[in-house]
DNA sequence: CTTGTTGCAAAGGATTTGCACGGCT
DNA sequence: AGCCGTGCAAATCCTTTGCAACAAG
């Protein structure tokens, strides 16, 4: 059993919930596949393995994963939300190419430190943050030069 | 005429669009009132002055303002989007209290510099970014201590 | 058994769009 | 006159919810 699945099971038990096959499958597919899926993308993926799983269950399971601290809802400027697996990994931010959509995960300790400073300077206790950098990736920059 | 309204008029003319009374009123109310309004909040405000202005026009005008570079769509984790006036002001980020919802605009040159560095390190040309810090504001921290 | 869970379909909320009319330019 | 913009309502898109049947603990 994969680590996220194990942590999910633990959360389920601790909260008197039930570990159903649907939930297991959704969680498994979510953690195995590419990151930052929309609810619909995940539903479609899950349904390639089991056509009977309803979209509502996918929504409900993703919310559950968020409550369990195993996923995080993100808004990248599209209409629909995207969910990102949290694993045990350290927190990270995003660098997105506005041309091709490539989404690179980044982390910079210096920025994190400065964020703490800014919060403190305003008297806030910092609990979390989101940062998205938008730009043009190396490949798209090169293509642009060709044109 | 206010500065944003002037800039709006310029954009309108440059693009062969029309400067209608509805648009003027929406833009004026948007820039005068509190920041970070939802489309519906703005529509309601606008309708206190002119009941005949439709919600669709508010939506369309806000999109137009974004295209004109005078407003920016933001997602603060609610279902609906919020729009923020851009004026000529410098860019800024947000520090939000997760208890009372207070939204403080922040700017830290050090962070901005580091963001450039991170982008460059990944070969990206940085075009823009969004950063939201979540925490608990001084007032709410104090209340918490009382309890 | 008891209670949580599921799929479906309907409901809801936010945003967009088709259309006929009205008003700039 | 020609075309853009408007309000309205219908349409869409995304997400949530009520419900009866079902299944996990």
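Protein chains in written order, with our numbering: chain A, -5 to 141; chain B, -5 to 141.
In this text, a Cβ means the ideal position worked out from N, Cα and C, and glycines have one as well.
Closest by CA to residue i, which one among the options?
i	options	result
residue 166 of chain A	A:30, A:44 and A:109	No information on residue 166 of chain A is available, as it lies outside the stretch -5 to 141 that chain A covers here.
residue -4 of chain B	B:22, B:53 and B:115	B:22
residue 44 of chain A	A:16, A:24 and A:32	A:16
residue 101 of chain A	B:96, B:95, B:101 and B:111	B:111
residue 72 of chain B	B:32, B:105, B:39 and B:136	B:32
residue 19 of chain A	A:39, A:34 and A:104	A:39
residue 14 of chain A	A:42, A:54, A:103 and A:25	A:54
residue 24 of chain B	B:41, B:85 and B:119	B:41
Could you check the C-alpha separation between residue i and residue j for me, to the nearest Å?
i	j	result
residue 76 of chain A	residue 46 of chain A	23 angstroms
residue 80 of chain A	residue 4 of chain B	47 angstroms
residue 27 of chain B	residue 58 of chain B	18 angstroms
residue 6 of chain B	residue 12 of chain B	6 angstroms
residue 91 of chain B	residue 99 of chain B	12 angstroms
residue 114 of chain A	residue 113 of chain B	26 angstroms
residue 95 of chain A	residue 133 of chain A	12 angstroms
residue -2 of chain B	residue 62 of chain A	45 angstroms
residue 85 of chain B	residue 10 of chain B	28 angstroms
residue 97 of chain B	residue 97 of chain A	28 angstroms
residue 93 of chain A	residue 35 of chain B	33 angstroms
residue 117 of chain B	residue 8 of chain A	45 angstroms
residue 137 of chain B	residue 137 of chain A	56 angstroms
Given a cut-off of 8 angstroms on the beta-carbon distance, is the pair residue i and residue j in contact?
i	j	result
residue 56 of chain B	residue 1 of chain B	no
residue 87 of chain A	residue 130 of chain A	no
residue 128 of chain B	residue 107 of chain A	no
residue 135 of chain B	residue 119 of chain A	yes
Report all residues from its chain with a CB closer than 7 angstroms to the CB of residue i; omit the five preceding and five following residues, and keep chain order.
i	result
residue 37 of chain B	49 and 52
residue 67 of chain B	60, 75 and 77
Suppose the cutoff is 6 angstroms on Cβ atoms and the five residues either side in sequence are ignored; what does the same chain contact list for residue i look like?
i	result
residue 109 of chain A	123
residue 104 of chain A	none
At a cut-off of 7 angstroms, would you count residue i as near the ligand ATP, judging by its Cβ distance to the nearest heavy atom?
i	result
residue -2 of chain B	For the ligand ATP, the structure offers nothing, since it holds no ligand at all.
(message) Output needed in chain order: residues of the region 76 to 96 of chain A with a Cβ under 8 angstroms from some Cβ in chain B.
(response) 89, 91 and 92
(request) Name, going along the chain, the residues of the region 119 to 137 of chain B whose beta-carbon falls closer than 7 angstroms to a beta-carbon of chain A. (result) 119, 120, 121, 122, 123, 124, 125, 126, 127, 128, 129, 130, 131, 132 and 135
(request) Report the residues of the region 36 to 65 of chain B with a CB closer than 8 angstroms to any CB of chain A, ordered along the chain. (result) none
(message) Can you pull out the residues from the region 96 to 110 of chain A whose beta carbon lies closer than 8 angstroms to at least one beta carbon of chain B?
(response) 98, 100, 102, 104, 105, 108 and 109
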